[in-house]
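Read through the structure below, which is laid out as structure tokens, and then see the notes.
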Amino acid sequence: MSLLDHRANDDLASLEAGLDALESNERKTLPRWRRWLAATWPPLVAVALLVVVWQLVYNAGVLPAYRLPSPSDVLASLRDQWQAGTLQQATWNSVRRGGLGFLASLAIGTPLGLLVGRVRSVRRAIGPILSGLQSLPSVAWVPAAILWFGLSDATIYFVVLMGAVPSIANGMVSGLDQVPPLYLRVGRVLGARGLASARHVLLPAALPGYVGGLRQGWAFSWRSLMAAELIARSPDLGLGVGQLLDQSRQLQDFPGVLAGILTILVIGIAIELCLFAPIERRVLRRRGLVAATS
Amino acid sequence: MTVLEDQGTVTTTAPAVTLRGVTKRFGQGPNILDDVSLDVAEGEFLCLLGASGCGKSTLLSLVAGLDRPTTGTVEVPGGRAALMFQEPALFPWLTASQNVELALRLRGVGKKERRERAQELLTLVRLKDAGGKRVHELSGGMRQRVAMARALAQDSHVLLMDEPFAALDAITRDVLHDELVHLRQSQKLTVLFVTHNVREAVRLGDRVVLLSSRPGRVVKEYEVKIGQPRRIESPEVAQLSMTVTDELRAEIRRHGGQS
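Just so you know, the protein sequences line up as chains A and B, in that order.
The first sequence runs 1 to 294 under the working numbering.
The second sequence runs 1001 to 1259 under the working numbering.
Written out as structure tokens, the structure is:
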């Protein structure tokens, strides 16, 4: 390179550096704890308000106390269940069932979704059934499952699978459908064929839709599990949160009923918030699909 | 400046890309490309110019091996050609550097070497410090430079470019023109560059080939005998652009039925 070329090269380098600096926005992000605080206090305030309203209604005596217990009654019921150990036991049983059922749904739903998403004949054949199944409340399977499997774990897992598999499979399908054809072309230009193309291009590109499907799949697993536990009760089955709730109903223990509902809600939210929301946020943020502050 | 009426060019080196009597149609449709014969010499910068419907992108797909001609032959003696699109089409789940590394990985390059080579290539396109950035953190011009580094990672001396700067703003495009000319010289690339921008073609190319539309045929060739570095504003570039534009317009008018 001649001296002149070197100078031209330096000019170009500084020009590009300037353009790059002008066009990239350095985002200012708040510290992590500030973001966490900003996201946390509004729902906490809302819950606190709800409890206050509840207490006021209770104090006003609109309904008799056995029809509407006070917040502290429910809290006391939760404490009793905790001290008796039934709450922990039921929570563990239900979470274990929900988790196992979800993992099994994952193992079935993922390949099923790949098949439906990538093989045209399979898609024509079972695509509509799969979307249809998604709108069928899985509690409808409980009577059939009881007749097939009796009051056993198999009944519970069957209902969970029927709830979660369509969601996960459909998530995979929509993820695959959203893959821009240009990515696949680029992959081919770079020499990705067959499995390499699936591994390096197709599957990573389909990930956001798939993760959305997983999140929904978990919600459906949990709902189906509770439906199954509320209906299928037997001493042979370990005590789950649903069974605990139904037990309270039979004992006319209203604080216990509300405590049960609360437990189901809190577990569902906790797993969603601690597991699925961070995974989804991470996937989307890496791709620039959500603002870093949200 | 010479205007060659026929399709042949006198070259001393072996062509890097050869098309012979290439015709392409999809299914029973009309011909997209009709009897196109073209040689791109080793180290040449050839611009393909044409209005909509001239089959420019189809032609590049054929050279890239993404598609096959209906009749005729396409040869790239050096093996695969690298291809760049109008969109950078970087993978958003990877960092800039990982995007470049993927191209190397798919060629079977080992992990350590991959990392070093990717860093070299990013340095070459002046993005030494941007390797860890995600695609959405890069500006349009930076993305297209990463795409350039990725194309270079294919280690092919033939680079096909499908309107790679069409979506960029004018200032960035101008800078990337300089960058491309510089890279082409330092990396000894053969470039087949498709555009519908006459000035861009004249600014960049050693030769400009004008294609007709529907079907795409080679209409005319212009040898650009203006030394590099050129500027898009220079009177020489403007003058040849005028000649080419007139011819292009004449070609477009034929489709209006009032010629």
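Cβ atoms here follow ideal geometry from the backbone N, Cα and C, with glycine treated the same way.
Spatial neighbours of residue i within its chain, please: C-beta separation below 6 Å, excluding the five flanking residues on both sides.
i, result
"residue 1064 of chain B", "1081, 1083 and 1160"
"residue 289 of chain A", "none"
"residue 243 of chain A", "229 and 233"
"residue 141 of chain A", "159 and 162"
"residue 1054 of chain B", "1211, 1213 and 1216"
Within a Cβ cutoff of 8 Å, which residues of the same chain sit near residue i, ignoring the five residues on either side of it in sequence?
i, result
"residue 1007 of chain B", "Since pLDDT at residue 1007 of chain B reaches only 44, below the 50 mark, its modelled position is unreliable, and the value read off the structure follows with that caveat. Excluding residues within five positions, the ones whose Cβ falls inside 8 Å are 1037, 1038, 1218 and 1221."
"residue 1167 of chain B", "1086, 1087 and 1140"
"residue 52 of chain A", "none"
"residue 100 of chain A", "157"
"residue 369 of chain A", "This structure cannot settle anything about residue 369 of chain A, because the visible part of chain A is limited to 1 through 294."
Since residue i meets chain B, which of its residues come closer than 8 Å, beta carbon to beta carbon?
i, result
"residue 183 of chain A", "1089 and 1091"
"residue 9 of chain A", "1182"
"residue 24 of chain A", "1137, 1138, 1139 and 1142"
"residue 19 of chain A", "1139, 1141, 1171, 1172 and 1175"
For residue i, which residues in chain B fall below 9 Å Cβ to Cβ?
i, result
"residue 127 of chain A", "What residue 127 of chain A touches in chain B: nothing, since even the nearest Cβ is about 26 Å away."
"residue 288 of chain A", "1092, 1134, 1135, 1136 and 1137"
"residue 188 of chain A", "1064, 1065 and 1066"
"residue 13 of chain A", "1126"
Who are the near neighbours of residue i in its chain, counting only those whose CB is closer than 7 Å to its CB and skipping five residues on each side?
i, result
"residue 294 of chain A", "Residue placement at residue 294 of chain A cannot be trusted, given a pLDDT of 40 that sits under 50; what the coordinates show is reported in the next sentence. Around residue 294 of chain A: no qualifying Cβ."
"residue 1018 of chain B", "1039 and 1075"
"residue 279 of chain A", "211"
"residue 295 of chain A", "Examination of residue 295 of chain A is not possible in this model, given that chain A is present from 1 through 294 alone."
"residue 1188 of chain B", "1043 and 1157"
"residue 1094 of chain B", "1102"
"residue 259 of chain A", "74, 77, 78 and 81"
"residue 1259 of chain B", "Here the model assigns residue 1259 of chain B a pLDDT of 45, short of 50, so the residue's position is not dependable and the matter cannot be decided."
"residue 1128 of chain B", "1122"
"residue 1184 of chain B", "1045 and 1191"
"residue 1071 of chain B", "1021 and 1023"
"residue 276 of chain A", "214, 215 and 218"
Name the DSSP beta bridge partners of residue i, please?
i, result
"residue 1056 of chain B", "None, per the DSSP bridge assignment."
"residue 1031 of chain B", "B:1025"
"residue 1039 of chain B", "B:1018"
"residue 1084 of chain B", "B:1161"
"residue 1049 of chain B", "B:1195 and B:1210"
"residue 1227 of chain B", "DSSP lists no partner for residue 1227 of chain B."
"residue 1216 of chain B", "B:1033"
Taking Cβ-Cβ distances shorter than 7 Å, what residues in chain A pair up with residue i?
i, result
"residue 1229 of chain B", "8"
"residue 1083 of chain B", "189"
Residues of chain A with CB under 8 Å from residue i, in chain order?
i, result
"residue 1102 of chain B", "190 and 200"
Using a Cβ-based criterion (distance less than 6 Å to any ligand heavy atom), does residue i qualify as near the ligand PLP?
i, result
"residue 86 of chain A", "In terms of ligand content, the structure shown is empty, and the ligand PLP therefore cannot be addressed."
Using a C-beta to C-beta distance shorter than 7 Å, which residues of chain B count as neighbours of residue i?
i, result
"residue 195 of chain A", "Going along chain B, no residue has its Cβ under 7 Å from residue 195 of chain A, so there is no contact; the nearest lies around 12 Å."
*Unbroken alpha helix (DSSP H) runs of length 4 or more, entirely within the segment 175-245 of chain A: which are they?*
Correct list: 181-189, 194-197 and 203-231.
_Chain-ordered residues of the segment 1151-1181 of chain B with a beta carbon less than 8 Å from chain A_ = If the cut-off is 8 Å between Cβ atoms, the segment 1151-1181 of chain B has 1154, 1171, 1172, 1175, 1178 and 1179 near chain A.
*Positions along the segment 63-89 of chain A whose CB lies within less than 9 Å of some CB in chain B*: So nothing in the stretch comes that close.
*In chain order, which continuous runs of the alpha helix (DSSP H) of length 4 or greater are located wholly inside the segment 1148-1201 of chain B?*
Segments of the alpha helix (DSSP H) lying fully in the segment 1148-1201 of chain B: 1170-1186.
*Just by C-beta distance, which residues in the segment 1062-1076 of chain B are closer than 8 Å to chain A?*
Contacts with chain A (Cβ-Cβ distance below 8 Å) from the segment 1062-1076 of chain B involve 1064 and 1066, listed in chain order.
_Positions along the segment 1107-1128 of chain B whose CB lies within less than 7 Å of some CB in chain A_ = Result list: 1107 and 1126.
*Only counting runs of 4 or more residues, tell me where the alpha helix (DSSP H) segments fall wholly within the segment 85-135 of chain A, in order along the chain.*
Counting only runs of 4 or more, we get 86-118 and 120-135.
*Enumerate, from N- to C-terminal direction, the unbroken beta strand (DSSP E) stretches of 3 or more residues contained entirely within the segment 13-87 of chain A.*
Taking 3 residues as the minimum length, the segment 13-87 of chain A contains no beta strand (DSSP E) run wholly inside it.
_As an exercise, report each continuous alpha helix (DSSP H) stretch of at least 4 residues that is fully enclosed by the segment 1060-1140 of chain B, in chain order._
Assignment of alpha helix (DSSP H) within the segment 1060-1140 of chain B, counting only whole runs of 4 or more residues, yields 1096-1105 and 1111-1124 in chain order.
*Would you list, in chain order, the members of the segment 201-219 of chain A that have their beta-carbon closer than 8 Å to a beta-carbon of chain B?*
Going along the segment 201-219 of chain A in chain order, one finds 201, 204, 205 and 207 with a Cβ nearer than 8 Å to chain B.
_Within 7 Å of chain B by C-beta, residues of the segment 255-289 of chain A in sequence order_ = Correct list: 286, 287 and 288.
*Could you name each continuous alpha helix (DSSP H) segment of 4 residues or more that falls completely within the segment 257-293 of chain A, going from the start of the chain to the end?*
For the segment 257-293 of chain A, whole alpha helix (DSSP H) runs of length 4 or above, ordered along the chain, are 277-286.
_Members of the segment 221-239 of chain A that neighbour chain B once the beta carbon cut-off is set at 9 Å_ = Identification of residues in the segment 221-239 of chain A having a C-beta nearer than 9 Å to some C-beta of chain B yields an empty set.
*asked:* Under 8 Å, CB to CB, which of the residues in the segment 148-176 of chain A have a partner in chain B?
replied: When C-beta distances to chain B are compared with 8 Å, every residue of the segment 148-176 of chain A stays at or above that value.
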